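> Numbering (my numbering), first residue to last: 493 to 903. Below is one structure. I have some questions about it.
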């Protein structure tokens, strides 16, 4: 049996258990008149319809697409609801050690979406549908747990911060994106550096120096108090950090989740979708950066000012272009994750918040314009023939060329 066969078995077993719990939860919450009972009942009905579509056949293309997207949206939603409510009930009613319960709950959440990603995604073949699937997974996996489980039920302070920061969900995003890209035969995440002919080390050093200069500016602006916190973080002296632990976990969440989505997944999907285009590299880097920046508009929900958020979007687009250049020139996802983490960590610690609170002014507009030109410029000079050769080689590799995806377990 292949790995795909085992994923299918896991997927169908998981769906059966999820449906069983959804029915129990619907009945219990309806009986006790819990406010979200109607939502849970509606999702349960949709999940039943979802399962019935496995046996339905039709010649109508629009209906096929509708059934496919019903699976894409409803299955992760049902998984999150069951995970959150069952975890809450175990914590509240069993008397078991909360640390142990939440440790197991977090670990299961990390791998919970793997069978879904390995089976449902196989039928998604268009690049634009794949982008939609990736973004839907990002929203549901990262944000939905906070709607169905309160942080106060997750135990000690560090467990609450793991929940509030979404770090556990970031690990789930990484595992899900790796499974999706493997299912679509696109790419594995770059871990071990493999530099071949044409790679110029001075280009890599320039890119690192550019981001290093920006980090130095953030470091200077942060002040001595922040310097002590950063030193404590990187020397693993966490015991006296307090709320800094939450900022650190939030920065780690951003580095892992956002790089998994916007560099690893979206760039890979766009490279494959525009494989025959000579502009596939700028399309992939620019397209993923625009989506990355636009996703920051969700911060308006948390009360950020509109003008400040728009500046944040522009900054994020420029940073997305720069990190995309690093990713495609080096082929290493871990490097962009680490750099993203460092940028966000200094920004969070320097402002003592994870949100934008300031309004835009003339000075800010000039600063954002300079930063945008600074970080977007590498995309131009990396398109020269010699540098483009390296980018094209990594683009081929990250869109499925010369990679192996099939694996089997033999007994």
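Glycine included, every Cβ here is placed at the ideal spot set by N, Cα and C. Source: prediction; values computed, not measured.
Using a 10 Å radius around the Cβ and a threshold of 16 neighbouring Cβ atoms, would you call residue 525 buried or exposed?
It is exposed - the Cβ of residue 525 has fewer than 16 other Cβ atoms within 10 Å.
> With a Cβ-Cβ cutoff of 9 Å, do residue 564 and residue 640 count as a contact?
Cβ atoms of residue 564 and residue 640: not closer than 9 Å.
> Candidates 537, 592, 553, 623: which alpha carbon is nearest residue 491's?
What the structure shows of the chain is the stretch from 493 to 903, and residue 491 is not part of that stretch, so it cannot be assessed.
> What whole-angstrom Cβ distance do residue 839 and residue 699 have, given they're in contact under 8 Å?
No, residue 839 and residue 699 are not in contact; Cβ-Cβ is about 20 Å, not under 8 Å.
> With three or more C-beta pairs closer than 8 Å as the rule, is the stretch 749-762 touching the stretch 664-671?
Touching, yes, given that three or more Cβ pairs across the two stretches are closer than 8 Å.
> Are the beta-carbon atoms belonging to residue 760 and residue 675 less than 9 Å from one another?
Against a cut-off of 9 Å, the Cβ pair of residue 675 and residue 760 comes out as no contact.
> Beta-carbon within less than 6 Å of residue 844's beta-carbon, same chain only, minus the 5 sequence neighbours each way: which residues are those?
Here the set comprises nothing.
> Between residue 591 and residue 651, is the Cβ-Cβ spacing less than 9 Å?
Yes, the Cβ-Cβ distance between residue 591 and residue 651 is below 9 Å.
> Taking the alpha helix (DSSP H) that residue 780 belongs to, which residues open and close that run?
First-last of the alpha helix (DSSP H) with residue 780: 772-786.
> Kindly indicate which three-state DSSP category residue 605 falls into: helix, strand or coil?
Coil, per DSSP.
> With 16 as the cutoff for other CB atoms within 10 Å, does residue 769 come out buried or exposed?
So residue 769 counts as exposed.
> Helix, strand or coil for residue 701? Go by DSSP, reduced to three states.
Looking at residue 701 - three-state DSSP - the assignment turns out to be helix.
> Do the stretch 864-875 and the stretch 800-815 make contact, defined as three or more Cβ pairs closer than 8 Å?
A contact exists between the stretch 864-875 and the stretch 800-815.
> How would you label residue 541, buried or exposed, when you count the other beta carbons within 10 angstroms and need 16 or more for buried?
Exposed, because fewer than 16 other Cβ atoms sit within 10 Å of the Cβ of residue 541.
> Starting from residue 675, trace the alpha helix (DSSP H) in both directions and tell me its first and last residue.
Where residue 675 is concerned, the enclosing alpha helix (DSSP H) stretches over 659-675.
> In whole angstroms, what separates the C-alpha of residue 599 from that of residue 660?
So the alpha carbons of these two residues sit roughly 8 Å apart.
> Enumerated in chain order, which unbroken segments of the alpha helix (DSSP H) with a length of 4 residues or greater are wholly contained in the stretch 691-776?
Runs found: 693-714, 716-726, 736-745, 758-765.
> Let me know the secondary structure DSSP gives residue 879 once reduced to three states.
Looking at residue 879 - three-state DSSP - the assignment turns out to be helix.
> Which two residues bound the contiguous alpha helix (DSSP H) that contains residue 800?
Per DSSP, residue 800 belongs to the alpha helix (DSSP H) from 798-822.
> Count the C-beta pairs between the stretch 882-889 and the stretch 819-826 that are closer than 8 Å, then say yes if the count reaches three, no if not.
Cβ pair count under 8 Å is three or more, so yes.
> Just reading off the alpha helix (DSSP H) that residue 892 is part of, what are its end residues?
Per DSSP, residue 892 belongs to no alpha helix (DSSP H) and is neither H nor E.
> What distance in whole Å lies between the Cβ atoms of residue 503 and residue 608, which are believed to be in contact at a cut-off of 8 Å?
Residue 608 to residue 503, Cβ: 6 Å. Contact.
> Should residue 527 go down as buried or exposed, given a rule of 16 or more other Cβ atoms within 10 Å for buried?
The residue in question, residue 527, is exposed, as its Cβ has fewer than 16 Cβ neighbours within 10 Å.
> Can you list, in chain order, the residues of its chain whose CB lies under 8 Å from that of residue 515, leaving out five sequence neighbours each side?
So the list reads 536, once near-sequence residues are dropped.
> DSSP on residue 900, reduced to helix/strand/coil?
A caution first: residue 900 carries a pLDDT of 48, below 50, which makes its placement in the model too unreliable to give a value.
> Starting from residue 856, trace the alpha helix (DSSP H) both ways and give me its first and last residue.
Start and end: 854-868.
> Output the distance between the C-alpha atoms of residue 788 and residue 877, rounded to the nearest integer angstrom.
Taking the straight line from one Cα to the other gives about 34 Å.
> Could you check if residue 644 is buried or exposed, using at least 16 other CB atoms within 10 Å of its CB as the buried criterion?
Residue 644 is exposed by the Cβ-count criterion.
> Just verifying my parser: in three-state terms, what is the DSSP assignment at residue 618?
If DSSP states are grouped into helix, strand and coil, residue 618 belongs with coil.
> Where does residue 560 fall in DSSP's three states?
Looking at residue 560 - three-state DSSP - the assignment turns out to be helix.
> Determine, using beta carbons only, whether residue 763 and residue 678 come nearer to each other than 9 Å.
Yes; because the gap between Cβ atoms is below 9 Å, this pair is in contact.
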